[in-house]
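Working notes, structure below.
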Amino acid sequence: MKKLFKEFIKGIGVQNPTFGMILGLCPTLAVSTSLINALGMGLAATFVLMCSNSIISTLRKFIPDAIRLPAYIVIIATFVSVIDMLMKAYSPELNKALGIFVPLIVVNCIILARAESFASKNRILPSLFDGLGMGIGFTLGLSSVAFFRELFGSGSVFNIKVGFILEPVILFRLAPGALLTLGLLIALVNYLKARKGKSPIARKGGCC
Amino acid sequence: MEVSKLLAILISMVFVNNFILSKFLGLCPFLGVSKNTKPAVSMGIAVIFVMVCSAALTWIIYNYILIPFKVLYLSTIVFILVIAAFVQFIEMVIRKNVPALYKVLGIYLALITTNCAVLGVTILNIDDFFISGKALPGSFIYSVAQAFFAGVGFLMALILMSGIREKLEFVDVEDSFKGIPIAFIIASLMSLGFMGFNGFKF
């Protein structure tokens, strides 16, 4: 039980996908215009991550090493199609707001990275919890970017207007604001880490 | 097919809706290989090539297999498989026949499968050039053109960014901003500049 909790908590803390490993940037920037969108995206990715992690872990002894990546991609793509259809049926507005980024969960690097580095080597239950932790970590990272963008860009939180002294700055709703917000947030995390004497964020790998 | 439409696609994909700076597709190679100009150019060319070929392949598969058999819900799975298989195939062909080219492009090709710009452009083509399961006239040419110009926009943003980052090596940046944060802030300023093209309307 303790081990499962450890797998779960590492995705939220040290190995946070957004601020710890800088993975999954494209959706982080693109759908963080409002908190609702960010939560929807995060939960969709969490679902895919949990399902793909547990299936890949179940099949890890049957998938030949040479074609493992295509096999993982097919498994991931299946669950992405499932969530895409579910979203179209039950929450069409959200599906419209997220647009092209729902099918693009397939190429979200967090999911493939967890399949490759964790699910293919571990048993089902730890993989499931690893997926859940990483998914929630991704949701939190995504939401923190969305929080600042929505607050400064629209002057609201969860579409509720908050008493805000400044006029909303439209820049934060547009593309440059997303890049600026994420850049400043990573710098802030680096600064806090440096004060604690830890090394700054380093980025490994080269995928989305 | 009209030339004016092709021109509109060119300006839209290269400037107005630049894949990296306004759509956030393919950001990771943008940050990963933009430290020097040379690998950035190689990566950009490899991306253009894969994008154009997969746009053509997926258009054919969508129009002649998925639509007649009414299995449109499989499109995501089919597209990513086609892209992955195609990239792997190209990698093998280049390694066998043109080793010199493989040396330049090889490592980037492997990364391209998970580049969301490639899958993104194929999905965008389907969204833009098919209306309720029917191909618009000339949509094959438009799809390929859209993929090509999206790749050109990608290459351009990559070259611009790598030029800036080469200069940035000699600048004394605040410690917490070193590396990725400053790259994001530069990208933000570039994106702000590219927003100036938003005035173009077709």
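Those protein sequence lines, which keep their order, are chains F and G.
Residues 1 to 208 (my numbering) are what the first sequence spells out, left to right.
Residues 1001 to 1202 (my numbering) are what the second sequence spells out, left to right.
Idealized CB from N, CA, C, for every residue including glycine.
In this text, all values refer to a predicted model and were calculated from it rather than measured experimentally.
Ignoring anything shorter than 4 residues, give me the alpha helix (DSSP H) runs that lie fully in the region 116-167 of chain F, in order along the chain.
124-154
So, residue 1042 (chain G) versus residue 1104 (chain G), is the Cβ gap smaller than 8 Å?
yes
Cβ atoms of residue 51 (chain F) and residue 104 (chain F): under 8 Å apart, would you say?
No.
In the DSSP assignment, find the unbroken alpha helix (DSSP H) run with residue 2 (chain F) in it and report its ends.
Residue 2 (chain F) -> alpha helix (DSSP H) spans 2-12.
Closer than 8 Å is the cut-off here; do at least three beta carbon pairs connect the region 13-20 of chain F with the region 77-94 of chain F?
no
Alpha carbon of residue 251 (chain F) to alpha carbon of residue 1170 (chain G), nearest angstrom:
Since the displayed chain F opens at 1 and closes at 208, residue 251 (chain F) lies outside it and no answer follows.
Distance cutoff 8 Å, beta carbons only. Does residue 1053 (chain G) sit that close to anything in chain F?
Output row for residue 1053 (chain G): interface = no.
Do residue 1084 (chain G) and residue 1159 (chain G) have their CB atoms nearer than 8 Å?
no
Determine the contact status of residue 1154 (chain G) and residue 1143 (chain G), defining contact as a CB-CB distance below 8 Å.
no
Mapping DSSP to helix, strand and coil, what is residue 1048 (chain G)?
helix
Using a Cβ-Cβ cutoff of less than 8 Å, which residues in the same chain neighbour residue 157 (chain F) once the five nearest sequence positions on both sides are dropped?
35, 147, 150, 151
Using a Cβ-Cβ cutoff of less than 7 Å, which residues in the same chain neighbour residue 1059 (chain G) once the five nearest sequence positions on both sides are dropped?
1125, 1140, 1143
Contact set between residue 1195 (chain G) and chain A, taken where Cβ atoms lie within less than 8 Å:
In summary, chain A is missing from the structure at hand, where the protein chains are F and G.
Opening and closing residue of the alpha helix (DSSP H) in which residue 1162 (chain G) lies
1139-1168
Taking residue 1023 (chain G) as the reference, which of F:29, F:23, F:24 has the closest Cα?
F:29
By Cβ distance, which residues of its chain are closer than 6 Å to residue 1183 (chain G), with the 5 residues on each side in sequence left out?
1031
How big is the Cα-Cα spacing for residue 132 (chain F) and residue 110 (chain F)?
12 Å
Who are the neighbours of residue 85 (chain F) on chain G, taking C-beta pairs under 9 Å?
1073
Residue 221 (chain F) versus residue 117 (chain F): straight-line alpha-carbon distance, rounded
The question about residue 221 (chain F) has no answer, for chain F in this structure spans 1 to 208.
Going by beta carbon distance, what residues of the same chain come within less than 6 Å of residue 1186 (chain G), once the five residues before and after it are set aside?
Closer than 6 Å at the Cβ level, and outside the excluded window around residue 1186 (chain G), lie 1164.
Near residue 1147 (chain G), what residues of its chain come up, given a Cβ to Cβ distance below 6 Å and the 5 sequence neighbours on each side ignored?
So the qualifying residues of the chain are 1051, 1052, 1055, 1121.
Should residue 24 (chain F) and residue 108 (chain F) be called a contact, given that it needs their Cβ atoms to be closer than 8 Å?
yes
Return helix, strand or coil for residue 1130 (chain G), following the three-state DSSP convention.
strand
8 Å is my cut-off, CB to CB: does residue 81 (chain F) come that close to chain G?
Under the Cβ criterion of 8 Å, residue 81 (chain F) is counted among the residues facing chain G.
Under 8 Å Cβ to Cβ from residue 222 (chain F), same chain only, skipping five residues before and after it: list those, please.
In the structure as shown, chain F starts at 1 and stops at 208, and residue 222 (chain F) therefore has no counterpart that could be examined.
In the DSSP output, which residue or residues are listed as bridge partners for residue 1135 (chain G)?
G:1130
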